[in-house]
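Chains as they are written, first to last, in our numbering: chain Z, 27 to 403; chain R, 27 to 403; chain C, 27 to 403; chain L, 27 to 403.
No residue lacks a Cβ here, since even glycine has one placed at the ideal position from N, Cα and C.
Computed from a predicted structure; not experimentally measured.
Number of protein chains: 4
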Amino acid sequence: MSKLNWGMIGGGEGSQIGPAHRLGAQADGRFVMAAGALDADPARGRDYAQRLGVAADRAYGDWREMLAAERDRPDRIDLVTVATPNNTHFEITKAFLEAGFHVLCEKPMTMTVAEGEEIVRLARDTGRICAVNYGYSAYPMVRQMKAMVAAGELGAIRCVVANFSHGHHAAGDDADNPRVRWRYDPAQAGVSGQMADCGIHALHLASFILGDEVRTLSADFASTVPGRVLEDDAMVNFRTESGTVGRLWTSTIALGRQHGLDIQVFGEKAGLRWASEQPNQVYLHRLGGRVEIMEKGEAGLTDEAQRLSRVPIAHPEGFPLAIANIYLDLANRIAGAPAGHLPSAEDGLRSMAAVHAAVASAKADGAWVDARPPMFR
Amino acid sequence: MSKLNWGMIGGGEGSQIGPAHRLGAQADGRFVMAAGALDADPARGRDYAQRLGVAADRAYGDWREMLAAERDRPDRIDLVTVATPNNTHFEITKAFLEAGFHVLCEKPMTMTVAEGEEIVRLARDTGRICAVNYGYSAYPMVRQMKAMVAAGELGAIRCVVANFSHGHHAAGDDADNPRVRWRYDPAQAGVSGQMADCGIHALHLASFILGDEVRTLSADFASTVPGRVLEDDAMVNFRTESGTVGRLWTSTIALGRQHGLDIQVFGEKAGLRWASEQPNQVYLHRLGGRVEIMEKGEAGLTDEAQRLSRVPIAHPEGFPLAIANIYLDLANRIAGAPAGHLPSAEDGLRSMAAVHAAVASAKADGAWVDARPPMFR
Amino acid sequence: MSKLNWGMIGGGEGSQIGPAHRLGAQADGRFVMAAGALDADPARGRDYAQRLGVAADRAYGDWREMLAAERDRPDRIDLVTVATPNNTHFEITKAFLEAGFHVLCEKPMTMTVAEGEEIVRLARDTGRICAVNYGYSAYPMVRQMKAMVAAGELGAIRCVVANFSHGHHAAGDDADNPRVRWRYDPAQAGVSGQMADCGIHALHLASFILGDEVRTLSADFASTVPGRVLEDDAMVNFRTESGTVGRLWTSTIALGRQHGLDIQVFGEKAGLRWASEQPNQVYLHRLGGRVEIMEKGEAGLTDEAQRLSRVPIAHPEGFPLAIANIYLDLANRIAGAPAGHLPSAEDGLRSMAAVHAAVASAKADGAWVDARPPMFR
Amino acid sequence: MSKLNWGMIGGGEGSQIGPAHRLGAQADGRFVMAAGALDADPARGRDYAQRLGVAADRAYGDWREMLAAERDRPDRIDLVTVATPNNTHFEITKAFLEAGFHVLCEKPMTMTVAEGEEIVRLARDTGRICAVNYGYSAYPMVRQMKAMVAAGELGAIRCVVANFSHGHHAAGDDADNPRVRWRYDPAQAGVSGQMADCGIHALHLASFILGDEVRTLSADFASTVPGRVLEDDAMVNFRTESGTVGRLWTSTIALGRQHGLDIQVFGEKAGLRWASEQPNQVYLHRLGGRVEIMEKGEAGLTDEAQRLSRVPIAHPEGFPLAIANIYLDLANRIAGAPAGHLPSAEDGLRSMAAVHAAVASAKADGAWVDARPPMFR
Ligand SMILES: NC(=O)c1ccc[n+]([C@@H]2O[C@H](COP(=O)([O-])OP(=O)(O)OC[C@H]3O[C@@H](n4cnc5c(N)ncnc54)[C@H](O)[C@@H]3O)[C@@H](O)[C@H]2O)c1
Ligand SMILES: NC(=O)c1ccc[n+]([C@@H]2O[C@H](COP(=O)([O-])OP(=O)(O)OC[C@H]3O[C@@H](n4cnc5c(N)ncnc54)[C@H](O)[C@@H]3O)[C@@H](O)[C@H]2O)c1
Ligand SMILES: NC(=O)c1ccc[n+]([C@@H]2O[C@H](COP(=O)([O-])OP(=O)(O)OC[C@H]3O[C@@H](n4cnc5c(N)ncnc54)[C@H](O)[C@@H]3O)[C@@H](O)[C@H]2O)c1
Ligand SMILES: NC(=O)c1ccc[n+]([C@@H]2O[C@H](COP(=O)([O-])OP(=O)(O)OC[C@H]3O[C@@H](n4cnc5c(N)ncnc54)[C@H](O)[C@@H]3O)[C@@H](O)[C@H]2O)c1
């Protein structure tokens with residue numbers, strides 16, 4: 027199996043998500059980190075890339091330089107990851123897709139619904155992969171839940187409850203800290219705070235596991251820390267295309283919750299519960315039976331859940347390996363090999379539509395609104 | 027300390043809540059079970075009362091007979107507990123209050139807001155105790171949380187999240203089972219299903235711990251099991267008098283949750299989490315600190331939390347002893363001794379107003395409505 | 027059902043175990059607290075008994091006075107509980123048995139094996155009940171485990187692991203605190219510290235659940251806090267009559283463990299796990315299956331487990347209700363009604379033999395010794 | 027940073043531990059998998075290596091061929107991992123050390139104590155790294171515990187309790203399954219079953235965290251599944267050089283435990299608890315305080331714990347990243363960069379000495395024996 031070349035934009039030294047991408051891309055030995063424009067500061071970015079093993083001539087100062095140089099190399103990168111701040115995702119993703127590169131874009135894919143639709147069209151037109159990093163969907167036990175729902179093991183799904191609530195922005199006097207402040211400032215973050223940042227992970231997870239998209243929603247937003255304009259706590263009620271009831275709570279002031287992403291699915295025959303802080307277990311309750319603890323790697327899971335689990339039962343696997351699963355299937359897809367599900371530009375677009383719908387609903391005192399992107403109505 | 031005489035209406039053999047009342051009333055040796063009209067079937071009621079040690083002449087066939095007989099005895103009961111089905115609470119409670127008895131009424135106290143207001147006025151006019159059995163509020167660690175909030179240990183409260191969701195009515199084919207069906211039938215259950223049955227416990231707990239009442243709310247109701255008219259899954263967003271954001275989810279189809287009552291309180295300085303299935307612990311997260319596990323009975327708790335904990339640290343205490351705490355303070359109050367908080371007719375009324383508000387909001391697509399009883403506006 | 031008269035020795039105001047006995051004896055309304063010699067200080071004892079509702083003439087200053095007075099009353103007590111310090115259990119229990127009273131004695135029943143044998147013989151000769159308060163054995167889910175083992179659901183039992191380790195005596199500078207010091211002082215505590223105090227609960231639980239007695243053992247004792255003579259940390263390996271391997275760890279310096287009593291049973295077909303801090307659940311793992319969470323009160327438990335569970339599924343029940351189960355069956359037994367298992371003088375004797383065997387083994391560097399009382403060899 | 031060349035012996039397709047090594051070695055991009063002799067079957071090994079990206083001329087049929095070829099290459103491997111069955115570790119490790127390669131050897135490093143001493147001498151003489159894959163010691167929170175003990179945060183350590191007990195060999199009828207049978211057959215597995223396989227992980231962890239070695243021990247072994255010669259359940263009591271009391275239970279028949287590796291450390295000032303199934307948390311109980319939940323990545327951890335945590339707080343990291351931490355420091359050490367602790371040949375030797383001591387003690391009915399390798403006495 028020959029190695030693929032991988033490039034990265036953003037994810038510089040000290041960034042939050044950069045390491046997860048590097049571990050994820052390299053763990054399976056399918057990608058070699060060949061190029062990068064890692065930092066807002068060109069010099070820092072070039073230096074860090076080289077320290078990470080990128081050749082000097084491919085350690086770029088910015089993404090435009092990288093695009094220009096990579097485009098014409100015979101050994102050009104096979105995949106680019108976009109892990110820069112949100113408001114740059116659209117233009118970078120667009121430019122690389124247009125130049126014929128496969129892209130893995132961080133969430134949120136775009137700032138507006140219109141941009142989202144443009145990316146979807148572009149991905150379709152160019153035939154390039156445009157994946158969005160909804161990495162939680164690549165945990166083996168999340169795939170297992172999806173498979174169980176699809177196989178009808180839960181019967182008709184009545185209700186899904188998804189939360190992504192943590193307490194890491196609870197510090198009021200942190201409100202002036204620039205790393206925190208931009209997130210609640212419409213000028214930088216756009217129309218939404220926590221819903222766009224974390225809520226969309228929970229929403230994607232719900233749609234993904236159910237195999238069913240959000241159709242309408244009603245939202246209640248609150249900015250609980252004085253000085254914040256955008257929401258730091260939000261509740262969204264929704265209905266899916268097939269009528270399932272949805273409840274989604276997302277917060278950044280929930281002291282006591284660390285990662286705080288969890289999901290419960292209730293069907294007519296069984297219920298499931300999963301939490302990202304213990305990603306290797308699913309709690310299954312079949313009607314009339316007992317709660318059973320399903321374990322990653324146990325006998326009888328679907329092939330997909332087994333394939334994406336890399337070490338034997340009960341050895342914990344965490345977030346970087348979920349990201350590695352995304353990269354594994356990107357490598358497979360690029361190589362033309364069989365691959366599993368990849369979160370797509372369509373998913374990225376749907377998230378944006380739901381965020382904008384939630385903002386509109388919250389402004390209209392919780393009125394129910396259509397949550398679908400115009401192009402999917 | 028001389029013993030008080032106690033009588034019970036409802037709670038017959040095989041009833042759900044009857045045993046908790048008997049254990050709770052007798053555990054401290056303050057009440058003697060002296061009279062009872064325990065069953066819808068007079069003969070069964072008389073027989074069972076006698077098997078429980080009630081003298082034959084005070085083992086009544088129905089509550090009217092009991093009222094008539096007890097009213098004039100010199101050793102008449104000091105307290106009557108009403109643990110019959112919901113739609114009888116109002117008339118029985120009213121009749122006993124009017125006759126000068128102290129009453130502990132099961133929740134929901136009444137079926138309508140107007141009835142609730144009438145009971146509140148009657149309790150005030152007669153000077154009798156009319157308590158409502160919000161027993162969860164008598165757990166030592168719930169009292170501890172309330173005290174911490176009151177003492178400002180959490181700072182201003184930003185958000186409270188309370189759930190009471192279980193899966194015990196998830197069986198679709200159980201929908202015809204009379205023990206389940208009546209709960210979703212407006213003719214028998216009134217305007218609301220799960221919100222009136224369990225949601226009000228979570229709502230009371232939130233108000234109780236916060237020391238702050240619900241002012242407005244917006245609700246989303248769903249009847250997920252075919253054939254049900256009333257809601258079996260509900261989400262209520264609310265705001266308290268002081269502006270705290272509230273979120274309440276209650277469900278009966280949540281397979282995998284057993285008791286499913288839990289509460290999280292998020293303040294500017296700390297967060298708390300408590301779940302009724304592990305009632306002896308509270309998780310405390312102070313801003314900038316670690317999550318700490320508080321234990322019932324540990325050194326440094328408030329006097330109230332210590333008083334209501336009956337066995338040393340780490341010996342678990344459960345629901346019957348929470349009910350015993352209610353009875354302990356009823357005994358104290360009746361005896362004129364110092365007593366702690368007792369959930370009151372005002373609390374029962376507020377619950378009814380909130381239930382009716384939630385029903386109205388749900389019908390109006392989640393419009394925000396006033397949740398207060400008219401007499402408290 | 028006429029009420030039984032109950033008397034108590036020890037368990038005065040502020041005592042550790044007194045409240046659990048009073049809650050347990052009274053909760054079901056089967057016993058009336060009719061007499062007591064509650065305190066080492068006669069005046070305090072008389073006063074407290076009266077505050078608890080005992081008539082003045084039956085609020086005794088000491089147990090001899092109580093014995094003399096009660097012996098000849100027509101309404102004499104039906105049962106006496108002995109909850110005084112360990113070194114008084116033997117003489118009080120002996121005296122009351124000889125006078126024809128039924129006795130519930132706190133653990134350890136005696137200080138020596140010979141005393142234990144004497145009590146066993148006396149109970150047999152007098153035909154009186156002599157129960158020992160191994161209250162954990164009366165939890166519904168402990169009874170369920172015993173029933174499952176007896177029914178062969180686990181197949182042959184290979185290994186049992188029982189721990190009772192907490193950290194409440196970890197404070198080195200507490201070593202001079204009289205409430206702690208006596209426990210490690212041979213003059214007051216006898217031959218053993220933590221093994222006699224807590225280890226015997228774990229050992230009783232193991233034998234009880236297995237229906238199989240300890241035959242031989244090997245022990246390793248440590249006195250980890252400077253100044254202590256008796257052990258504060260002990261490990262005992264044992265073999266039962268039927269050859270099951272046993273492991274028992276008991277400690278008082280295990281900071282981080284609160285109550286710390288738990289048991290795991292491993293059979294050829296399944297394993298069980300139970301912990302006293304969450305007494306309402308048992309974790310069951312059938313070979314080739316998943317871990318299942320059994321819940322107190324769920325459908326399908328044995329009649330005995332159902333009978334001893336007093337409130338519906340998922341409402342937690344704790345230690346005082348386990349003690350109430352002991353009293354419930356004492357009442358039943360005294361009344362000649364069908365009753366469940368009661369921990370007996372034989373159990374109390376076996377505990378003493380095991381403690382003395384462990385002390386001997388530890389002194390002999392872990393040599394394997396016979397753990398049975400001479401009269402049962 | 028230029029990449030290092032890495033070779034692997036064993037860990038072929040379908041092997042248990044192979045994937046963890048590949049993920050661990052590659053995740054940071056410091057090693058390129060350059061050579062391998064992956065399988066007992068030469069053809070399968072060559073094929074699989076090539077599918078993993080190894081060049082055809084470095085995809086070897088067996089380790090002797092690999093040694094012969096690599097020894098003289100200018101781009102020869104910088105590190106070889108030995109992940110073959112236990113009885114081959116000694117000769118392979120010896121041969122590669124003698125040829126001047128750095129080695130990471132799987133546990134147990136050797137079959138006998140004499141072999142272990144030989145490897146230790148060889149590593150010293152050649153100056154090559156000989157690390158042993160005690161990967162659990164590289165979890166960030168394990169390093170944090172070690173640092174806290176070293177800094178005296180727990181005061182003098184009184185007791186350590188380490189378990190590695192699972193139920194994966196509980197199936198009696200699996201006793202003939204060759205993958206299981208060899209482990210209990212002295213001809214293939216040597217003197218010990220589960221103690222040598224898993225017990226040594228727990229023992230290493232205890233020594234590592236304490237910074238204190240085992241001096242004497244007493245063991246109780248059992249072969250609970252009929253037909254097994256070697257132990258499948260063992261209890262070891264030990265004392266460290268500084269007198270700390272140790273307790274170690276290891277089992278393969280513990281149905282209900284999945285991974286089952288956990289450790290508790292009790293000092294005079296605090297206690298710690300960690301379990302490998304939730305490796306990102308440590309429970310800390312300071313004397314007189316509450317149990318606190320420490321989180322991987324939280325502020326205030328030691329630099330070492332922070333360095334080895336790769337993704338932000340509350341994103342779980344699992345076993346493959348612990349292995350990656352071993353490889354990261356191997357890369358650093360080879361490159362002459364600052365590196366953290368690496369489990370060493372000395373550790374591997376001590377494990378063997380302890381295993382042999384435990385076997386001897388168990389045979390001598392639990393007699394206390396010296397657990398140190400002769401060369402360290
Ligand atoms: N999928 C997930 O679970 C997840 C988790 C965290 C963050 N994210 C997303 O990842 C993105 C990055 O977030 P983060 O938390 O790592 O941010 P961060 O602020 O920690 O790091 C951003 C990095 O991008 C670099 N950068 C900024 N502008 C750049 C430019 N124009 N060209 C090149 N590099 C540039 C910065 O120098 C920095 O190194 C965001 O879109 C965020 O929403 C996703
Ligand atoms: N506070 C709590 O936590 C809690 C928990 C469960 C139930 N409850 C409430 O307790 C009440 C009873 O609920 P339950 O679950 O025990 O019901 P149930 O149906 O199990 O038992 C009701 C009992 O009342 C008797 N009864 C009915 N009508 C009567 C009458 N007119 N006179 C005398 N007895 C009569 C019945 O014979 C039966 O014994 C309800 O209002 C319910 O909402 C409260
Ligand atoms: N079964 C259990 O789970 C459990 C739990 C705790 C204690 N215990 C046992 O209960 C017994 C009491 O323990 P405790 O922790 O409550 O002790 P404690 O020291 O807290 O209380 C002992 C009580 O006995 C009274 N007393 C002492 N001597 C007396 C005498 N001669 N006559 C009358 N009263 C006397 C004291 O005044 C005090 O009120 C002990 O044997 C102990 O082992 C059992
Ligand atoms: N550190 C840990 O946590 C951990 C965990 C599991 C296993 N291990 C150790 O790893 C080693 C391997 O265990 P496993 O469970 O992966 O075993 P396994 O039987 O699953 O795999 C062994 C692999 O080695 C190959 N092999 C056998 N002989 C060979 C030879 N002479 N040359 C080349 N390849 C050969 C086999 O073909 C197979 O691919 C053992 O020593 C075991 O104790 C360590």
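Answer with yes or no whether the minimum CB distance from residue i to chain R is below 9 Å.
i                        : result
threonine 152 of chain Z : no
glycine 225 of chain C   : no
alanine 196 of chain C   : no
Taking residue i as the reference, which of the options has the closest Cα?
i                            : options                                : result
asparagine 189 of chain L    : L:Thr276, L:Met174, L:Ala340, L:Asp238 : L:Thr276
cysteine 131 of chain Z      : Z:Ser377, Z:Gln170, Z:Ala371, Z:Ala85  : Z:Ala371
leucine 375 of chain R       : R:Glu141, R:His47, R:Asp101            : R:Glu141
phenylalanine 122 of chain L : L:Met320, L:Pro68, L:Thr107, L:Val255  : L:Thr107
aspartate 288 of chain Z     : Z:Ala348, Z:Gly225, Z:Leu243           : Z:Gly225
glycine 153 of chain Z       : Z:Gly126, Z:Ser163, Z:Asp258, Z:Gln307 : Z:Gly126
Counting contacts by CB-CB distance shorter than 9 Å, is residue i in contact with chain L?
i                         : result
glycine 297 of chain R    : no
isoleucine 339 of chain R : no
arginine 70 of chain Z    : no
Name the DSSP beta bridge partners of residue i, please?
i                        : result
tryptophan 32 of chain R : R:Met59, R:Leu105
aspartate 259 of chain L : L:Ala248, L:Ser277
glycine 297 of chain L   : L:Phe292, L:His311
Starting from the C-beta of residue i, find all residues in its chain whose C-beta is less than 6 Å away, skip the five residues before and the five after it, and write them out in chain order.
i                        : result
valine 381 of chain Z    : Ser218, Met221, Ala222
glutamate 330 of chain L : Arg169, Gly366
glutamate 124 of chain C : none
valine 317 of chain C    : Tyr309, His311
For chain Z, find out if any of its Cβ atoms is closer than 9 Å to the Cβ of residue i; answer yes or no.
i                        : result
aspartate 259 of chain R : yes
glycine 37 of chain L    : no
leucine 236 of chain C   : no
Assuming residue i contacts residue j under a Cβ cut-off of 8 Å, what Cβ separation, rounded to an integer in Å, is found between them?
i                      : j                      : result
arginine 48 of chain L : alanine 357 of chain L : So it is not a contact: roughly 15 Å between Cβ atoms.
glycine 33 of chain L  : glycine 62 of chain L  : 6 Å
Under 9 Å, Cβ to Cβ, is there at least one residue of chain C near residue i?
i                     : result
valine 317 of chain Z : yes
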